[in-house]
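J.:
Numbering (my numbering), first residue to last: 269 to 638.
1) In terms of alpha-carbon separation, which member of 340, 495, 619 and 504 lies closest to residue 311?
2) Going by beta-carbon coordinates alone, are residue 342 and residue 316 separated by less than 8 Å?
3) State the start and end residues of the unbroken alpha helix (DSSP H) segment that holds residue 549.
4) Closest to residue 460 by CA distance: which of 445, 418 and 436 is it?
5) At 4 residues or longer, what runs of the alpha helix (DSSP H) sit wholly inside the region 441–506?
6) Measuring alpha carbon to alpha carbon, tell me which residue in 377, 557, 463 and 426 is nearest residue 494.
7) Would you say residue 589 and residue 440 are within 8 Å of each other, going by their C-beta atoms?
8) Run the CB neighbour count on residue 469, radius 10 Å, all protein chains shown included, and call it buried at 16 or more, exposed below.
9) Let's test the definition: count the other Cβ atoms within 10 Å of the Cβ of residue 407 and tell me whether it reaches 16, buried, or not, exposed.
10) Would DSSP call residue 582 helix, strand or coil?
11) When we look at the beta-carbon of residue 498 and count the other beta-carbons within 10 Å, is it buried (16 or more) or exposed?
12) Please return the same chain residues whose Cβ sits closer than 6 Å to the Cβ of residue 400, not counting the five positions on each side in sequence.
13) By the DSSP assignment, the alpha helix (DSSP H) with residue 388 in it spans what residues?
14) Could you give the DSSP three-state label for residue 391: helix, strand or coil?
15) If you drop the 5 nearest sequence neighbours on each side, which residues of the same chain put their C-beta closer than 7 Å to that of residue 585?
16) Residue 332 lies in the alpha helix (DSSP H); which residues open and close that run?
17) On the three-state DSSP scale, how would you describe residue 407?
18) With distances taken Cα to Cα, identify the nearest neighbour of residue 475 among 300, 613 and 451.
19) Please state whether the Cβ-Cβ distance between residue 422 and residue 516 is less than 8 Å.
20) Note down, in chain order, each residue of its chain lying with its Cβ closer than 6 Å to the Cβ of residue 353, except the 5 sequence neighbours on either side.
21) Out of 385, 545 and 613, point me to the one whose CA is closest to residue 554's CA.
22) Measure the C-alpha to C-alpha separation of residue 457 and residue 424 and round it to an integer number of angstroms.
23) Between which residues of its own chain and residue 347 is the CB-CB distance below 6 Å, once the five residues before and five after are set aside?
24) Using 8 Å as the Cβ pair cut-off and three pairs as the minimum, do the region 536–552 and the region 499–512 touch?
25) For the candidate residues 292, 558, 587 and 536, whose alpha-carbon lies nearest to that of residue 616?
26) Looking only at its chain, what residues have a beta carbon closer than 6 Å to the beta carbon of residue 466, apart from the 5 residues adjacent to it on each side?
27) Report the residue from 302, 345, 529 and 521 whose alpha carbon sits nearest the alpha carbon of residue 338.
28) Assuming residue 308 and residue 409 make a contact with CB atoms under 8 Å, what is their CB distance in whole Å?
29) Note down, in chain order, each residue of its chain lying with its Cβ closer than 6 Å to the Cβ of residue 404, except the 5 sequence neighbours on either side.
30) Between the alpha carbons of residue 596 and residue 436, how many angstroms are there, rounded?
31) Quick check on the burial criterion: 16 or more other C-beta atoms within 10 angstroms. Buried or exposed for residue 545?
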């Protein structure tokens with residue numbers, strides 16, 4: 269960090285349980301210096317929404333980290349996506365030093381839970397995070413700075429570095445995703461501030477991920493909310509974050525990347541957990557693309573990027589991490605599972621629609637999935 273702005277990450281060798289301080293300082297000195305972080309000018313209230321489903325250990329650690337949040341006015345809303353299990357409320361009741369409100373989400377699925385959080389949030393800025401993260405104390409302060417960069421900003425994404433790398437699966441995933449690689453703030457818009465990228469706006473890892481983003485409640489409600497056929501727990505398994513980011517850009521609003529707004533993420537520890545996660549990532553990706561291809565407004569946008577997108581998918585799924593693959597040979601099959609998920613995505617989207625999972629459930633007259 270320098271002047272409240274993160275510079276990035278460095279990697280140094282560990283020898284006999286320690287690192288060479290001079291080596292560390294030299295590598296830090298080689299990091300590019302980002303532009304100065306502007307001071308926050310306003311203090312709007314923020315609703316922190318945490319969607320969780322039967323992960324009490326993770327949730328307890330997250331709530332402990334929220335005690336240190338340094339921001340004038342915020343509420344914490346925990347959305348319990350499986351209240352029948354009885355696992356979430358005792359964790360919230362045992363949390364000390366922070367006031368938390370619990371609401372129940374009827375129907376399985378992260379998008380359903382996110383929409384419940386939107387309905388119950390009392391502030392217009394809603395900061396979403398997952399239950400398997402640890403929050404930096406300056407998180408909300410930096411997210412609000414993102415909204416202040418332009419009055420058209422409707423979404424701000426922060427960085428999501430790894431909280432630990434203890435297993436081969438975590439090392440593989442840390443190498444696979446780009447959640448903590450772009451340390452310069454940026455604005456994105458469909459026309460003004462468009463990225464110089466053949467996949468824009470479909471390469472959403474350029475912006476951020478669902479573990480760390482904030483939205484304007486009024487903007488999300490105007491769009492009809494999160495698509496309940498997408499996201500963890502739905503037939504599509506993921507993709508609701510990609511969907512809302514792209515829809516916000518298509519609505520003419522801006523999206524800000526704010527690297528100083530940091531949450532630290534715990535990746536899946538085992539090959540079996542990672543295998544399912546990457547399969548669901550593949551399902552969600554193709555489900556979203558099919559949804560956009562079927563929408564006359566976005567058909568051409570996706571069609572023009574299909575060839576580049578296929579090449580990109582082939583490249584990013586081919587993870588070169590010899591140490592992880594040698595230690596855990598089962599990781600070699602994860603790529604195949606992700607690609608299998610891509611093939612299954614279109615049918616999974618259809619299954620979600622047949623089940624009544626709507627794309628704009630917050631619009632009047634839309635029925636809720638139970």
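Think of the CB as a built atom: it goes at the ideal place given N, C-alpha and C, for glycine as much as any other residue.
T.: The structure says:
1) Here residue 311 corresponds to residue number 43 of the chain shown, with the count starting at 1. Comparing Cα positions, the closest option is 340.
2) Taking the chain shown and counting its residues from 1, one reaches residue 342 at position 74. Taking the chain shown and counting its residues from 1, one reaches residue 316 at position 48. Against a cut-off of 8 Å, the Cβ pair of residue 316 and residue 342 comes out as a contact.
3) Here residue 549 corresponds to residue number 281 of the chain shown, with the count starting at 1. Per DSSP, residue 549 belongs to the alpha helix (DSSP H) from 539–561.
4) Within the chain shown, residue 460 is the residue found at index 192, counting from 1. Of the listed residues, the one whose Cα sits closest to residue 460 is 418.
5) 485–491
6) As a working mapping, residue 494 is identified with position 226 in the chain shown. For the residues 377, 557, 463 and 426, the minimum Cα distance to residue 494 belongs to 377.
7) Walking along the chain shown from the start, residue 589 turns up at place 321. Walking along the chain shown from the start, residue 440 turns up at place 172. Yes.
8) The residue labelled residue 469 in the question sits at position 201 within the chain shown. With 16 or more Cβ atoms within 10 Å of its Cβ, residue 469 is classed as buried.
9) Within the chain shown, residue 407 is the residue found at index 139, counting from 1. Buried, because 16 or more other Cβ atoms sit within 10 Å of the Cβ of residue 407.
10) As a first step, residue 582 is located in the chain shown; it is residue number 314 there, counting from the start. In the structure shown, residue 582 sits in a helix (DSSP, three-state: H, G or I).
11) By one-based count along the chain shown, residue 498 stands at place 230. Per the 10 Å Cβ criterion, buried.
12) Counted from its first residue, the chain shown places residue 400 at position 132. Within the same chain, residue 400 has close Cβ partners 326 and 534.
13) Start at 1 with the first residue of the chain shown, and residue 388 comes out as number 120. From DSSP, the alpha helix (DSSP H) with residue 388 extends over 378–388.
14) The sequence position of residue 391 within the chain shown is 123, counting from 1. Note: residue 391 maps to coil in three-state DSSP.
15) To locate residue 585, count along the chain shown from 1; it is residue 317. The residues are 603, 606 and 607.
16) Translated into positions along the chain shown, residue 332 becomes position 64. Counting along the chain, the alpha helix (DSSP H) containing residue 332 begins and ends at 324–334.
17) Locating residue 407 in the chain shown gives position 139, where the first residue counts as 1. In the structure shown, residue 407 sits in a helix (DSSP, three-state: H, G or I).
18) If you number the chain shown from 1, residue 475 lands on position 207. Nearest option by C-alpha distance: 451.
19) Locating residue 422 in the chain shown gives position 154, where the first residue counts as 1. Locating residue 516 in the chain shown gives position 248, where the first residue counts as 1. Yes, Cβ-Cβ distance for residue 422 and residue 516 is below 8 Å.
20) Along the chain shown, read from residue 1 onward, the residue named residue 353 stands at position 85. Hits under 6 Å: 322.
21) Walking along the chain shown from the start, residue 554 turns up at place 286. Residue 613 is the option with its Cα nearest to residue 554.
22) To locate residue 457, count along the chain shown from 1; it is residue 189. To locate residue 424, count along the chain shown from 1; it is residue 156. If you take the alpha carbons of residue 457 and residue 424, they lie about 12 Å apart.
23) Here residue 347 is taken as the residue at index 79 of the chain shown, counted from 1. Answer for residue 347: 319, 371, 373, 381, 384 and 385, listed in chain order.
24) yes
25) As a working mapping, residue 616 is identified with position 348 in the chain shown. Comparing Cα positions, the closest option is 558.
26) Translated into the one-based positions of the chain shown, residue 466 becomes position 198. Taken in chain order, the residues that qualify are 576.
27) As a first step, residue 338 must be located in the chain shown, where it is residue number 70. Considering only alpha carbons, the answer is 529.
28) Numbered from its first residue, the chain shown carries residue 308 at position 40. Numbered from its first residue, the chain shown carries residue 409 at position 141. Residue 308 to residue 409, Cβ: 6 Å. Contact.
29) Numbered from its first residue, the chain shown carries residue 404 at position 136. Closer than 6 Å at the Cβ level, and outside the excluded window around residue 404, lie 530.
30) Translated into positions along the chain shown, residue 596 becomes position 328. Translated into positions along the chain shown, residue 436 becomes position 168. Residue 596 and residue 436: Cα-Cα distance of roughly 6 Å.
31) Here residue 545 is taken as the residue at index 277 of the chain shown, counted from 1. The residue is buried, with at least 16 neighbouring Cβ atoms inside 10 Å.
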